[in-house]
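Quick note on the working numbering: the sequence shown kicks off at 105 and runs consecutively.
What follows is a set of notes on a single structure, which appears directly below.
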Amino acid sequence: APLLACGGGGGGGPSGPPGPDTNVASVTATAPSATLAAGPTLQLSASARNAAGGVVSGKSFTWATSDAGIATVSGTGLVTGVAAGAVTLSATEPGSGRAGSVSVTVTPPPVPVATVAIGAFSESVLQGSTTQLAATLQDADGATLTGRAVAWTSSDNAVATVSASGVLTAVAVGGPVTITATAEGKSATAQVSVTPRTAARVGLQPDFVAVNVAADRTIAALAFDASDVAIPNPVVTWTTAAAATAAVSEAGMVHGVAAGVTTLTARVNDATASAAVAVLGASDLLSTALVGGAYTADVTPGQTITVPIVLDLSRASATGDLGAAQLELTYDASVLTYVSAQANATGSSTVHSPSAGSVRFSLAHTAAQGQGSVTLVTVTFTVAAGATVGDVRTFGLAYAGPPASTTFESYSTPIVVGGRIRVVAP
């Protein structure tokens, strides 16, 4: 009769399912890296598996090295590199005698940094500029070392900063500032001073100011170097062509002294820019090429532009009434070509261009009651295709006399401000 396998223990009930297979069939040793430098350590790990490939937990291992002269290994699998070479580390599960191994290559220890040098760069840098610095590291034999970390510091971050990657930023005029590069305890220093930029162009915001007598307005001066980079906090010298009409402070504060028109000039280094100032009395009319200011525009060669001629009546006339006006607009015919002019007000009007560079207007009954400002005429020009980029040209607006009011308002002679264009690249 066949033999039957029986479970141990009493009772005649059916036997339970077989328990987990805890027999070790194989051992695997692993390393997080295939290389290890001499001196540092590397933690190995090992796992045991049964015949079905399942992990057998709770097993301990003994570790061994094939060459203790290259690498040693502790009882917990911690490997220490000793000398350059290849070594095999093995893990054995004592109960089964099963073992697994992993190969590790020990590399020579890094050659220590002996000297640090900062590469050549200008010891005088312009405010606002950035410069990439470079550090050269060498060993005791003078061989260049790569792949080492370099720390950069500045002795005065208010004047010049340096980033972790060695980018020097010139913050403010001053110095000298000490820049330090450090690698593995070795350092090198360099001195740098931050110098101001030289202005090649000055821009004013706004470049036209209307201000009442005894009132104040501020003009801001912006300076740019030859590369058209803005100069932070430029030192500006202000002058006025007629101090009896308008005064200007060192900060660009314009003070209206007496009714009239004058010019303010801002100078930064050898670059200058001018702004027109209209100081308005009680009954002055402000004639501009744009309500509230002079016509200013950046234009490109070949572009078509329209220039509105505006008379602001709001100051002098409660009714905003204008009876008649005669005026002439002059311009540079080498840059602008007259195309047409359109009278925008009602009543009789004549507009003609008697010669290149001039457009004349004669207008009557041009404004309705209560209108604060009147666009008398809109003039259309084309910019010459051969206009030179960077050229600045002005308009001149002149009246034959005060406008004649149909309601007999007491107008003063209009304060005239024309405008300007600047030719820029397309």
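We put the CB at the ideal spot given by N, CA and C, even for glycine.
Check, Outcome
"Have a look at S161, S297, V340, A347 and flag the residue whose alpha-carbon is nearest the alpha-carbon of V317.", "A347"
"What's the gap between the Cα of Y435 and the Cα of I409?", "13 Å"
"I'd like to know whether the C-beta atoms of V206 and T134 end up nearer to each other than 9 Å.", "yes"
"Is it true that the CB of G356 sits closer than 9 Å to the CB of F328?", "no"
"Three-state secondary structure (DSSP) at V281?", "strand"
"Since A150 and V128 should fall inside the 8 Å C-beta cutoff, what is the C-beta to C-beta distance between them, to a whole number of angstroms?", "About 11 Å separates the two Cβ atoms, so there is no contact after all."
"Going by C-alpha distance, which of W167, G185, V215, V210 is nearest E197?", "W167"
"Beta-carbon within less than 7 Å of T235's beta-carbon, same chain only, minus the 5 sequence neighbours each way: which residues are those?", "F225, V229, L272"
"If we count the other Cβ atoms within 10 Å of its Cβ and call it buried at 16 or more, is S267 buried or exposed?", "exposed"
"Just mark A447 as buried or exposed, buried being the case when its beta carbon has 16 or more other beta carbons within 10 Å.", "buried"
"Going by DSSP, what residue range makes up the beta strand (DSSP E) through N316?", "312-316"
"Given this structure, state the Cα-to-Cα distance separating A314 from T257, to the nearest angstrom.", "51 Å"
"Expressed to the nearest angstrom, what Euclidean distance is found between the alpha-carbon atoms of V277 and V340?", "16 Å"
"Could you please give me the residues that DSSP links to E197 through a beta bridge?", "BP columns for E197 are empty, so no partner."
"Return the chain-ordered ranges of every beta strand (DSSP E) run that is complete within the region 350-387 and spans a minimum of 3 residues.", "350-352, 357-360, 364-372, 375-384"
"Going by DSSP, name the residue or residues bridged to Y442.", "F485"
"If I follow the unbroken beta strand (DSSP E) through R305, where does it start and stop?", "305-309"
"Please report the distance separating the alpha-carbon of A239 from that of T250.", "10 Å"
"Using three-state DSSP, classify T299 as helix, strand or coil.", "strand"
"When you compare the CB positions of A303 and A375, do they come within less than 9 Å of one another, or not?", "yes"
"Could you tell me the distance, in whole angstroms, from the CA atom of F485 to the CA atom of A264?", "49 Å"
"If you compare alpha carbons, which of T282, P212, G522 is closest to P412?", "G522"
"Anyone know if the C-beta pair for I519 and G406 falls short of 9 Å?", "no"
"Rounding to the nearest angstrom, what Cα-Cα distance links V527 and L431 in this structure?", "26 Å"
"Counting Cβ pairs closer than 8 Å, one from the region 491-498 and one from the region 462-469, do we hit at least three?", "no"
"Buried or exposed: where does G505 fall if 16 or more other Cβ atoms within 10 Å of its Cβ makes it buried?", "exposed"
"Which class does D543 belong to by DSSP, given the choice of helix, strand or coil?", "Residue numbering for the chain in the displayed model covers 105 to 530; residue 543 lies beyond these limits and cannot be assessed."
"Tell me, to the nearest whole angstrom, how far the beta carbon of A138 is from that of T184; I am working on the premise that it is less than 8 Å.", "Not a contact, Cβ separation roughly 16 Å."
"Mark G476 as exposed unless 16 or more other C-beta atoms lie within 10 angstroms of its C-beta, in which case mark it buried.", "exposed"
"Look at the alpha carbon of T392 and the alpha carbon of S516, and state the distance between them as a whole number of angstroms.", "15 Å"
"Among all the DSSP beta bridges, which residues are the ones paired with Y399?", "G523"
"For the beta strand (DSSP E) containing A502, list its first residue and its last residue.", "496-503"
"Can you tell me whether DSSP reads P216 as helix, strand or coil?", "coil"
"Rounded to whole angstroms, how far is the Cβ of V361 from the Cβ of L415, which I believe are closer than 8 Å?", "No, V361 and L415 are not in contact; Cβ-Cβ is about 24 Å, not under 8 Å."
"Output needed for T454: all residues of its chain with C-beta closer than 6 Å, excluding positions within five of it in sequence on either side, in chain order.", "S466"
"For A294 and A334, what's the separation of their Cα atoms in angstroms?", "27 Å"
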